[in-house]
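*Asks:* This is the structure I want to talk about, given as structure tokens.
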């Protein structure tokens, strides 16, 4: 099969913008599209490529189309819009943190039109999206993953082939479940320690030199919680969505998940308490509220 050169990119958001920018830097012809009016034009003005008015236009003449959207429901809508414009042999690369079962449905419909699909959700946040060092979890047929590899390598440094279509998204949701659990537990550890009289910043240093180390202790507690920034680029509502997907996979596989269910409920409670539009690291504020204690500050 021919190499992928022209890439439609649907979803120029916090993650999509730097990812698409890395494709432009790597020499791909990027046709950008976003639901926010004027955003794709802004991208092409600042970064390069071409702007498309909608997903159907982004798909016209594209060798591959990348989608990175909030939910699988939106991916399904976009896939339906693009379908008449997609050439036979084109490839859809869904980088959304989506629902594996829904993705399989979308893939089956596209296959009926001669269009292949893989899923390729990412981990690493905005900083690693900018540097092109994302971890990318892949699901799909080997031949299609091979075709997509040069494109994916322009955005990520670690590519993991997880299985058939939907497997990448299952892995992403489970990764975020693990991350959510360690973040919540770590915040409670810091609150206990501060009440005991320990300095939370010193505690983070000790965790990072000990067996309590986690991604949260290394990259979130000092950087976004103790300094009260709460702005790492990943929304609280998206974390809650991913935890729901992880537990859905748990139900489908008939796996008992008592701790995971409680973890998800805590994150959902934070979203209900804080409301939409908050960063996921703001979960710490729910734990602080329950404890009557502000990390690094006064009660």
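Numbering (the working numbering), first residue to last: 6 to 304.
Here a beta-carbon is modelled for each residue, glycine too, at the ideal position from N, C-alpha and C.
The structure displayed is predicted, hence computed values, not measured ones.
1. Between the stretch 106-119 and the stretch 147-160, are three or more C-beta pairs nearer than 8 Å?
2. Who are the near neighbours of residue 223 in its chain, counting only those whose CB is closer than 7 Å to its CB and skipping five residues on each side?
3. Would you identify the three-state DSSP class for residue 144, choosing helix, strand or coil?
4. Can you give me the Cβ contacts of residue 107 inside the same chain, cut-off strictly under 7 Å, excluding the 5 residues immediately before and after it?
5. Report the residue from 26, 73, 71 whose alpha carbon sits nearest the alpha carbon of residue 52.
6. Is there contact here, the stretch 83-97 with the stretch 41-56, by at least three beta-carbon pairs under 8 Å?
7. Rounded to the nearest angstrom, what separates residue 163 and residue 141 at their Cα positions?
8. Put residue 72 into one of helix, strand or coil per three-state DSSP.
9. Which same chain residues end up closer than 6 Å to residue 307 when comparing Cβ atoms and leaving out the 5 residues on each side of it in sequence?
10. Could you give the first and the last residue of the continuous alpha helix (DSSP H) run that contains residue 48?
11. Looking at the unbroken beta strand (DSSP E) that takes in residue 259, where does it start and where does it end?
12. If we ignore side chains and look at the alpha-carbon of each, how far apart do residue 85 and residue 209 end up?
13. Less than 8 Å between C-beta atoms, sequence neighbours within five positions excluded: which residues of the same chain meet that for residue 190?
14. What are the uninterrupted segments assigned as beta strand (DSSP E) that are 3 or more residues long and contained completely in the stretch 115-194, given in chain order?
15. Hey, out of 260, 16, 294, 182, whose CA is closest to residue 63's CA?
16. Report the partner residues of residue 234 according to the DSSP bridge assignment.
17. Going by beta carbon distance, what residues of the same chain come within less than 6 Å of residue 57, once the five residues before and after it are set aside?
18. If we ignore side chains and look at the alpha-carbon of each, how far apart do residue 188 and residue 291 end up?
19. Which first and last residues belong to the alpha helix (DSSP H) in which residue 210 is found?
20. Who are the Cβ neighbours of residue 314 in its own chain at under 6 Å, not counting the five residues just before and after it?
*Replies:* Put simply:
1. Here the stretch 106-119 does not lie against the stretch 147-160, with fewer than 3 beta-carbon pairs under 8 Å apart.
2. Closer than 7 Å at Cβ, skipping near neighbours: 213.
3. In the structure shown, residue 144 sits in a strand (DSSP, three-state: E or B).
4. The answer, listed in chain order, is 77, 81.
5. It is 26.
6. Taking 8 Å as the limit for Cβ pairs, the verdict is that the stretch 41-56 does not touch the stretch 83-97.
7. Each residue's Cα considered, the two are about 6 Å apart.
8. For residue 72, the three-state secondary structure derived from DSSP is strand.
9. Residue 307 lies beyond the range of the chain shown here (6 to 304); nothing can be said about it.
10. Its alpha helix (DSSP H) spans residues 44-51.
11. Per DSSP, residue 259 lies in no beta strand (DSSP E) and is assigned neither H nor E.
12. Taken atom to atom, the span from the alpha-carbon of residue 85 to that of residue 209 is near 47 Å.
13. Take residue 190, set aside five residues on each side of it, and no residue of its chain has a beta-carbon closer than 8 Å to its own.
14. Secondary structure remark: continuous beta strand (DSSP E) runs of at least 3 residues inside the stretch 115-194, in chain order: 121-124, 139-144, 161-168.
15. The closest CA to that of residue 63, considering only 260, 16, 294, 182, is found on 16.
16. Paired residue(s): none; residue 234 is not in a bridge.
17. The beta carbon of residue 57 sits closer than 6 Å to the beta carbons of 36, 38, 63 from its chain, once the five residues preceding and following it are set aside; these are given in chain order.
18. Straight through space, the alpha carbons of residue 291 and residue 188 are spaced by roughly 13 Å.
19. Where residue 210 is concerned, the enclosing alpha helix (DSSP H) stretches over 205-213.
20. In the structure as shown, the chain starts at 6 and stops at 304, and residue 314 therefore has no counterpart that could be examined.
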